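Participant: Got a structure for you, questions after.
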Amino acid sequence: MISKDTKGNRRENLERYLNWLQENGAKFEGIEISDFEGYELGLKAQRDFSEDSLLLTVPSKVMMSEKDALDSELGAFINVDPILKNMPNITLALFLLLEKNKEDSFWKPYIDILPDKYTTVLYFTREELAVLKPSPVFDSSLKLYRSIARQYAYFYNKIHNMDIPALKNLQEIFTFNNYR
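In this note's numbering, the protein residues as written are -2 to 177.
Next comes the structure, spelled out in structure tokens:
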């Protein structure tokens, strides 16, 4: 599995990502990707802009979409699974996982700058969740976690029991930590 463990690796891959964007038709002037303390990477204006200014143009070719997933080797599974047909976010999660583990993926420059962790309850430690316990957010957080765990169990079963070639490629890399 391709590993990128530190914040530094994201920054090291930034130039390759920006080149990839430009090679595929993205245009941006007067903005840069910058580090914001406590927030990691974000867009930063390098100059003042008038109200109607166009800051950037991002062609659909570099936007990972449900169509990309359908057109991939995962398409055979998407077409027969009722959850994937109705929940594009899950379709994209599986497609991202599949592409993340291909050294020659078109999406590699994009994937290499994604964070390893996010600031959602799915990445909280037990101690961090415990802090939420006196609030209604705690119950909502547990419901979300249970929902993701049920989805994981459902797809784990499908990936290991259906005879679709793309699913064979997911068997070793489809873990709860990779799915959440």
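Every residue, glycine too, gets a C-beta built ideally from N, C-alpha and C. Computed from a predicted structure; not experimentally measured.
Identify whether residue 172 lies in helix, strand or coil by the three-state DSSP scheme.
Facilitator: Three-state DSSP puts residue 172 in coil, outside helix and strand.
Participant: Tell me whether residue 54 sits in a helix, a strand or coil according to DSSP, three-state version.
Facilitator: In the structure shown, residue 54 sits in a strand (DSSP, three-state: E or B).
Participant: Tell me whether residue 125 is buried or exposed, calling it buried when 16 or more other Cβ atoms sit within 10 Å of its Cβ.
Facilitator: The residue is exposed, with fewer than 16 neighbouring Cβ atoms inside 10 Å.
Participant: Can you tell me where the beta strand (DSSP E) with residue 30 in it begins and where it stops?
Facilitator: Residue 30 -> beta strand (DSSP E) spans 28 to 33.
Participant: Rounded to the nearest angstrom, how far is the Cβ of residue 175 from that of residue 106, given a contact under 8 angstroms?
Facilitator: Their Cβ separation, rounded to whole angstroms, is 20 angstroms, which puts residue 175 and residue 106 out of contact at 8 angstroms.
Participant: At 3 residues or longer, and completely inside the region 125 to 161: list those beta strand (DSSP E) runs for me, N to C.
Facilitator: Listed in chain order, nothing qualifies, since the region 125 to 161 has no complete beta strand (DSSP E) run of 3 or more residues.
Participant: So residue 130 and residue 78 are in contact, right, with Cβ under 8 angstroms, and what is the actual spacing, rounded?
Facilitator: With 8 angstroms as the limit, residue 130 and residue 78 do not qualify as a contact, their Cβ atoms being about 36 angstroms apart.
Participant: Going by CA-CA distance only, name the one from 24, 177, 75, 81 that's closest to residue 117.
Facilitator: The shortest C-alpha separation from residue 117 is found at 177.
Participant: Would residue 122 be called buried (16 or more neighbouring beta carbons within 10 Å of its own) or exposed?
Facilitator: It counts as exposed.
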